[in-house]
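A.B. asks: In UniProt numbering, the protein residues as written are 1 to 665.
1) From residue 48 to residue 404, what distance separates their C-alpha atoms?
2) Please report the distance separating the alpha-carbon of residue 547 from that of residue 117.
3) Among the candidates 511, 448 and 362, whose CA atom is the shortest distance from the CA of residue 609?
4) Using C-beta distances below 7 Å, list every residue in its chain close to residue 433, excluding the 5 sequence neighbours before and after it, in chain order.
5) Using a Cβ distance threshold of 8 Å, determine whether the stretch 557 to 566 contacts the stretch 383 to 397, with at least three qualifying pairs required.
6) Look at the alpha carbon of residue 591 and the alpha carbon of residue 627, and state the distance between them as a whole number of angstroms.
7) Pairs of beta-carbons, one from the stretch 94 to 102 and one from the stretch 254 to 269, closer than 8 Å: are there three or more?
8) Going by DSSP, which residues form a beta bridge with residue 536?
9) With distance defined between alpha-carbon atoms, name the residue in 249, 544 and 621 nearest to residue 237.
10) Would you kindly work out how many angstroms separate the C-alpha atoms of residue 54 and residue 357, rounded to a whole number?
11) When burial is assigned at 16 or more other CB atoms within 10 Å of the CB, is residue 390 buried or exposed?
12) Would you kindly work out how many angstroms separate the C-alpha atoms of residue 187 and residue 378, rounded to a whole number?
13) May I ask you to verify whether the stretch 132 to 146 touches the stretch 154 to 166, counting CB pairs closer than 8 Å and requiring at least 3?
14) Evaluate residue 16 with the Cβ neighbour count: other Cβ atoms within 10 Å of its Cβ, from every protein chain shown; 16 or more gives buried, anything less gives exposed.
15) Taking contact to mean at least 3 C-beta pairs separated by less than 8 Å, is the stretch 209 to 216 in contact with the stretch 176 to 183?
16) DSSP three-state call for residue 289: helix, strand or coil?
17) According to DSSP, what are the bridge partners of residue 639?
18) For the alpha helix (DSSP H) holding residue 24, just list the boundary residues, first then last.
19) May I have the straight-line CA-CA distance separating residue 618 from residue 554, to the nearest angstrom?
20) Taking its Cβ as the centre, do 16 or more other Cβ atoms sit within 10 Å of residue 128, making it buried, or is it exposed?
21) Classify residue 176: buried if its beta carbon has 16 or more other beta carbons within 10 angstroms, exposed otherwise.
22) Rounded to whole angstroms, what's the CA-CA distance from residue 270 to residue 148? Just pull it up for me.
23) Have a look at residue 646 and residue 653 and give me their C-alpha separation to the nearest angstrom.
24) At the level of alpha carbons, what is the spacing between residue 643 and residue 206?
25) Looking only at C-alpha atoms, which of 375, 326, 103 and 77 sits nearest to residue 234?
26) Give me the residue from 25, 61, 201 and 33 with the minimum Cα distance to residue 71.
27) First and last residue of the alpha helix (DSSP H) that includes residue 99?
28) Under the three-state reduction of DSSP, which class applies to residue 374: helix, strand or coil?
29) With which residues is residue 383 paired in a DSSP beta bridge?
30) Taking the alpha-carbon positions, what's the residue 604 to residue 27 distance?
31) Going by other Cβ atoms of all chains shown within 10 Å of its Cβ, with 16 needed for buried, is residue 477 buried or exposed?
32) Below 8 Å between beta carbons: does that hold for residue 323 and residue 293?
33) Alpha carbon to alpha carbon, how far is residue 274 from residue 83? Give it in angstroms, no decimals.
34) Just the Cα atoms here: how many angstroms apart are residue 662 and residue 424?
35) Can you tell me whether DSSP reads residue 614 as helix, strand or coil?
36) If I measure Cβ to Cβ from residue 383 and keep anything under 6 Å in the same chain, skipping five residues before and after, which residues do I get?
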């Protein structure tokens, strides 16, 4: 009698109690929350449905979606919000499943085109390499050697400074890429990457690449994206999707973009070509008119050194109508000339110039009720932008109609224990409130013991955040709190202004290393923070996606409730849109969004079962205002305190032993 065929692996046999992963890794403890989520993801893949899965910190959600994805037989895209998580999935979690569990699969790691060397552009650059400084020029011999050795063309293989300006002339974007008409198409690193992706069953990307690719494919004008066809998508860190999608479904014209077009036009033909003088003259015309437009724009639009963004309206854009028309005429002339020629480089110039004419016209009118228009000054760049106010319709039209299986997961998807806010913002319900597809929800708690591991300090003696003297009083409180924990603190702010002011008031008085966001690259700040007891003053990017387990981080101080600024053009447009529907924007949008953001900030503290520390919220409104209940009910059940003496006694008192992770036997 022949032996029965071995059963194929399943979610339960791999992640369940006594399963293969537990047997392969002595340090691994089965987590019932992880298995619960994995079963829900498996069901979504098998029945073709949408799943909203909130998984508390420590759940092991990455393996909970990777295992069913690999067992599904589908081609699955895993999209993450940060490069850190993208690296973890591809270089840590997938090798674990392959080496320890023996799962056989092929996976591909994909980045945007700008991360890869463009061989066509390298050839042009090599003929006349130009650098903005001697320090950049010193990198050229290293880069030339690397080009002869690299198999991927990935910039990450090089130790280039982040600010290496020449890279923009050595790489390409979806706009500047020549596509299949390029002479280097077959040897192109992006082409090779895409071919590897076509044979892989799992693709690991980031949100920006995913939505850039989706926007390109669904525009109806160009079909050649980076990603091949796929059957399902898992969005990890899905709370970040709305703003990323909005940015890629909109329009943006800047002085940088026009300058790059003019520069590429000049380089599109060799200098000895008889058409080169005409092309150069047309490019110079575009450059000159662009310079004139962006010199006039700040004053005409009301941009100042204090305001980096300002809404665009038909009446303000009218002040630039003459300058805009000159730029359009220059672009049209360039498009007309390059469109009559056969070279791939000129065909690309023609397409880019025509697209910018169309987009400048759309931006100048500023009349679409479905878009928000604004100008943004960033460094030496000035950007004219138009983004969809609500990405719900865009997602229904561009993504959901073509895909029946999508998993959204994050530690923060539910506001006030409800998924309605996220589901509506992401377009899973139509205008009448009916689901557009089969949507299931799941919330699995963190296995961490928050009442034992964390304290939530809620002082009420500080002024209201809008009152004079708040930041000065907050600075004194920061110093007192850091005395309790010996520094080792993140101080998170909702505005750069408050961040800088608090740093100025406290840095010289703190007996610990004081770090300020922006003074050094993020990775260097975190490395320095981990090595020496420190106090890091930060905003924006440090609220999420930052992982500092252990004693290095014992205190997270948050200056005020993270309501999005109503002065932000996109936020203001969303508020007006909700009001136009007869709904209350505070309850429907501002409050749930802020509650999710606060949970992200809280989530920086407890990263492992051994972590222990304090979250301090310096905004008294969380206690004194009725809506504070929504914030408090959304946070983990930490031990609440109002007195620093009690807080110090708790933090410095005897620590109860760590209980084992809950297991099912």
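We put the CB at the ideal spot given by N, CA and C, even for glycine. Note that the structure is predicted; figures quoted are calculated from it, not measured.
C.D. replies: Reading off the structure:
1) 5 Å
2) Between residue 547 and residue 117, the C-alpha separation is close to 31 Å.
3) 448
4) none
5) no
6) A direct Cα-Cα distance of roughly 8 Å separates residue 591 from residue 627.
7) no
8) 490 and 515
9) 544
10) Taking the straight line from one Cα to the other gives about 44 Å.
11) buried
12) Roughly 36 Å between the two C-alpha positions.
13) yes
14) buried
15) no
16) In the displayed model, residue 289 falls within a helix according to three-state DSSP.
17) 455
18) 20 to 24
19) One C-alpha to the other measures close to 17 Å.
20) Flag for residue 128 reads exposed.
21) buried
22) 25 Å
23) 10 Å
24) 43 Å
25) Minimum Cα distance to residue 234 is reached at 77.
26) Taking only the C-alpha atoms, the option nearest residue 71 is 201.
27) Going by DSSP, residue 99 is part of the alpha helix (DSSP H) stretching over 94 to 101.
28) Looking at residue 374 - three-state DSSP - the assignment turns out to be strand.
29) 254 and 376
30) Distance between the alpha carbons of residue 604 and residue 27 is about 24 Å.
31) With 16 or more other Cβ atoms from the protein chains shown falling within 10 Å of its own Cβ, residue 477 counts as buried.
32) yes
33) Take the alpha-carbon of residue 83 and the one of residue 274: they are about 46 Å apart.
34) Reliability of the predicted coordinates at residue 662 is poor, the pLDDT of 40 falling under 50, and the value obtained from them is presented with this limitation in mind. For residue 662 and residue 424, the distance between alpha carbons rounds to 34 Å.
35) strand
36) 252, 254 and 376
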